[in-house]
Amino acid sequence: MVVGQQARKAMLGECPKKVARLIDLVNLPSNLREFAGGQSQMAHLSFFIRVWSHIKTHNLQDPNNKNLVNCDDKLKSILLGKTQVELSKLPMLINLHFPKPSK
Amino acid sequence: MGKLPPSLRSAKLPLPFHKPPPSPSPPSPSTPLSQSPSPPERSVFFRSPLKKPKKPSKTPRGTLNPSPPPPQQHVFRSPLLSDAISTFDALAASSPSSLDPTSLLQSFCNAGASPADALSFLRHISPSLAPGRASFHVLLGHSCLHHSAPDPASVLDLMSDNGSPPDAASADLAVRALCSADRLDDACVLLRDRLASAADRFTYNFLVRRFARFRPISTVYALIKELRGVGLQPDVVTYTNLIDAVCRGRNLREATRLLGMLADAGFKPDCYVYNVIMKGYCMVDQYGEVMEVYNRMKDEGIEPDLVTYNTLVYGLSKAGMLTQAKKFLNVMADMGHFPDVVTYTSLMGGMCRKGDALGALKLLEEMEEKGCNPNECTYNTLLMGLCKSKCLDKGMQLYQEMIAKAMKLENATYATFVRALCRANKIAEAYEVFDYAIDSKSLTDVTAYMALENSLKWLNKAKVINEIRADSILQIRLLAN
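This is how it looks when you write it as structure tokens:
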């Protein structure tokens, strides 16, 4: 019963607008489409997971410091052309491609 | 945490609708009903969602065949009445002695026949095979599950006409089947108008409990009043259910009033009533009160059970009275109730809340030594406690154990763990936990991502602030020079 209460609180804590911004399909800008495998629409969250799995499958994490990512050409094209990014900055960098809708 | 009296727990056990032929020993003493034998169901056409009550084979009554029916589960494959009748005629011509009306009917119902067709089929076979009470029960259960005609009342009429009037088992079967088909009001009307004399306490309390669970309390009072009119009186179990229901709705004042009503009705509160009250106090965050309830139980000479002790330890741990809570571990062992995983987890939660996560970890070893296996909840409580009291290394060890046991992460635990990892600049590990949470289906990806993003946002902000601070210190030094 306690777990149930927590779950309910967690549900209320999540702003529905924020959730919607993460999971709604949006039109991708043209420079992201190649990375997204040619898809023209993708949700913010799936795009993030795609980038992260790209990093994992191509072993792009710096072997000395796992918190750093050495970008390959594909990643460079979407992460502002940087050669190395911090893993902690990754969500913010991806957020740049998914701007908040202006009122 | 289940704190319901065992007699009630047995009532909601999720049992398959069609049980295989009964074993000779009755599984539960709480529902003394007669058994309607049904063949082992293996129908591919129709899976009933109904959870049938336990029906111990106490006394085979009526024309019921005491030996298990022959396996005829695959007799009918089509829900069409005409097919069933022709199959039956062929069977009756070849081996009339081995036919059992109940299993034939059951098989036809399992094949997806409508209640009306099942009734016609029963009429067709009744000249050659006399249907017993069990056959009618199959039909009754089937018609309660479906909205279409014939409604259960006409099946009851048929039963009375054929010399086997509905008994307690019929009432129980009908009410439970109606409730599981979400036809609470129909169940109420049927019980009031048709089955009031046959129904027993278990049926009555089951219905009241269902109402109390899904309807506002005023509706439940109306129901009790209505059923009182046909001779069904509330008892201690009814009041326990009602108190539980109002406590769930955090309405302690109503609970107190009900307690008064219970005393007025001449019942003495038992262990279960007190357990529910204790739980009620925990629900409204008055954890300290559990001790008073316990003392009152002792004053009245009521023997506490395992649930009482678990609630007590839970409440005391939440209230931060850990020494007392620990004392009760020994007290309950002395009374013959050995602390279980719930007890230990509550205590660990209390210790973690006080910041003594390492002590809680020791308690985990102690409980494993005593042969009590920790569960998911235990690990989650401990992991969160370890992260909060800055023992991240131990937390990561524990997390590896959780992965090995394929345990899920709870929301709060996940968020705390990820935050702690980010704070320790273990971003890659935090991403791994994020992956695990999604892969193990502990959380939705949205929840998992939002917690991760928030932690990282916080981390980056903290970094910026530190840089500014370092800059300003440097500037001040330069100025001073």
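Residue numbers (the working numbering), protein chains in the order written: chain A, 60 to 162; chain B, 874 to 1354. Just so you know, even glycine gets a beta-carbon here, dropped at the ideal spot from N, CA and C.
For my contact list, residue i and residue j are in at a C-beta cut-off of 8 angstroms; report their separation, rounded to the angstrom.
| i | j | result |
| --- | --- | --- |
| Val-1149 of chain B | Thr-1113 of chain B | 6 angstroms |
| Ala-1050 of chain B | Phe-994 of chain B | With 8 angstroms as the limit, Ala-1050 of chain B and Phe-994 of chain B do not qualify as a contact, their Cβ atoms being about 19 angstroms apart. |
| Met-1151 of chain B | Gly-1188 of chain B | 7 angstroms |
| Thr-1286 of chain B | Met-1257 of chain B | 5 angstroms |
| Leu-1080 of chain B | Cys-1120 of chain B | About 20 angstroms; that fails the 8 angstroms criterion. |
| Thr-1254 of chain B | Gly-1222 of chain B | 5 angstroms |
| Leu-1012 of chain B | Cys-1061 of chain B | No, Leu-1012 of chain B and Cys-1061 of chain B are not in contact; Cβ-Cβ is about 21 angstroms, not under 8 angstroms. |
Does residue i have its Cβ less than 8 angstroms from a Cβ in chain A?
| i | result |
| --- | --- |
| Ile-1175 of chain B | no |
| Val-1319 of chain B | yes |
| Asn-1148 of chain B | no |
| Tyr-1322 of chain B | yes |
Could you check the C-alpha separation between residue i and residue j for me, to the nearest Å?
| i | j | result |
| --- | --- | --- |
| Asp-1229 of chain B | Ser-89 of chain A | 54 angstroms |
| Met-874 of chain B | Lys-1227 of chain B | Residue placement at Met-874 of chain B is flagged as unreliable, the pLDDT there being 44, under the threshold of 50; the coordinate-derived value follows with that caveat. Looking at the two C-alpha atoms, the distance is approximately 22 angstroms. |
| Tyr-1145 of chain B | Lys-1235 of chain B | 33 angstroms |
| Arg-92 of chain A | Thr-1320 of chain B | 26 angstroms |
| Gly-1215 of chain B | Gln-1270 of chain B | Per the sequence shown, the amino acid found at residue 1215 of chain B is Val instead of Gly. In a straight line, the C-alpha of Val-1215 of chain B is about 23 angstroms away from that of Gln-1270 of chain B. |
| Asn-1354 of chain B | Leu-149 of chain A | 40 angstroms |
| Ala-966 of chain B | Ala-989 of chain B | 25 angstroms |
| Gln-1348 of chain B | Ile-1276 of chain B | 49 angstroms |
| Lys-115 of chain A | Asp-1312 of chain B | 15 angstroms |
| Ala-1324 of chain B | Ala-1085 of chain B | 37 angstroms |
| Gly-1005 of chain B | Thr-960 of chain B | 21 angstroms |
| Leu-1125 of chain B | Arg-1082 of chain B | 18 angstroms |
| Phe-1087 of chain B | Asn-1078 of chain B | 14 angstroms |
| Arg-1169 of chain B | Ala-1192 of chain B | 19 angstroms |
| Val-1093 of chain B | Arg-1065 of chain B | 14 angstroms |
| Thr-142 of chain A | Asn-1183 of chain B | 57 angstroms |
| Glu-1242 of chain B | Ser-1190 of chain B | 22 angstroms |
| Val-144 of chain A | Met-1224 of chain B | 41 angstroms |
| Lys-851 of chain B | Phe-1290 of chain B | The structure shown has nothing for residue 851 of chain B, since chain B only spans 874 to 1354. |
| Val-110 of chain A | Ala-1310 of chain B | 18 angstroms |
| Lys-1281 of chain B | Glu-1305 of chain B | 14 angstroms |
| Asn-1203 of chain B | Pro-1212 of chain B | 9 angstroms |
| Leu-1105 of chain B | Ala-1072 of chain B | 9 angstroms |
Using a Cβ cut-off of 8 angstroms (strictly closer), state whether residue i contacts chain B.
| i | result |
| --- | --- |
| Phe-157 of chain A | no |
| Leu-104 of chain A | yes |
| Lys-76 of chain A | no |
| Pro-160 of chain A | no |
| Gln-100 of chain A | no |
Pick helix, strand or coil for residue i, following the three-state DSSP scheme.
| i | result |
| --- | --- |
| Val-1110 of chain B | helix |
| Val-1157 of chain B | coil |
| Gln-1273 of chain B | helix |
| Lys-115 of chain A | helix |
| Val-1337 of chain B | helix |
| Asn-154 of chain A | helix |
| Asn-983 of chain B | helix |
| Glu-1127 of chain B | helix |
| Glu-145 of chain A | strand |
| Val-85 of chain A | strand |
| Lys-931 of chain B | Since pLDDT at Lys-931 of chain B reaches only 37, below the 50 mark, its modelled position is unreliable, and the value read off the structure follows with that caveat. Lys-931 of chain B falls in the coil class under three-state DSSP. |
| Cys-74 of chain A | coil |
| Leu-1002 of chain B | coil |
| Met-101 of chain A | strand |
| Leu-995 of chain B | helix |
| Val-128 of chain A | strand |
| Asn-938 of chain B | Interpretation of Asn-938 of chain B is limited by its pLDDT of 40, a score under 50 that renders its predicted location unreliable; no figure is taken from the coordinates. |
| Gln-908 of chain B | Because the pLDDT of Gln-908 of chain B is 38, which lies under 50, any placement of that residue in the model is unreliable, and the question is left without a value. |
- With 9 angstroms as the C-beta to C-beta threshold (strictly closer), list the residues of the stretch 1299–1312 of chain B near chain A in chain order. So the close ones are Lys-1299, Ile-1300, Ala-1301, Glu-1302, Ala-1303, Tyr-1304, Phe-1307, Asp-1308, Ile-1311.
- For the stretch 133–155 of chain A, which residues have a beta carbon sitting closer than 9 angstroms to at least one beta carbon of chain B? Result list: Glu-145, Leu-146, Ser-147, Lys-148, Leu-149, Pro-150, Met-151, Asn-154.
- Any residues in the stretch 1323–1354 of chain B with a beta carbon nearer than 8 angstroms to a beta carbon of chain A? Which ones, in chain order? Considering only beta carbons, the part of the stretch 1323–1354 of chain B lying closer than 8 angstroms to chain A consists of Met-1323, Leu-1325, Glu-1326, Leu-1329, Lys-1330, Leu-1332, Asn-1333, in chain order.
- Item | Positions along the stretch 80–96 of chain A whose CB lies within less than 7 angstroms of some CB in chain B | Hits within the stretch, in order: Leu-81, Ile-82.
- Query: Relative to chain B, which residues along the stretch 112–134 of chain A have a C-beta separation below 7 angstroms, given in chain order?
  - Reply: Per Cβ criterion, the list reads Gln-120, Lys-125, Asn-126.
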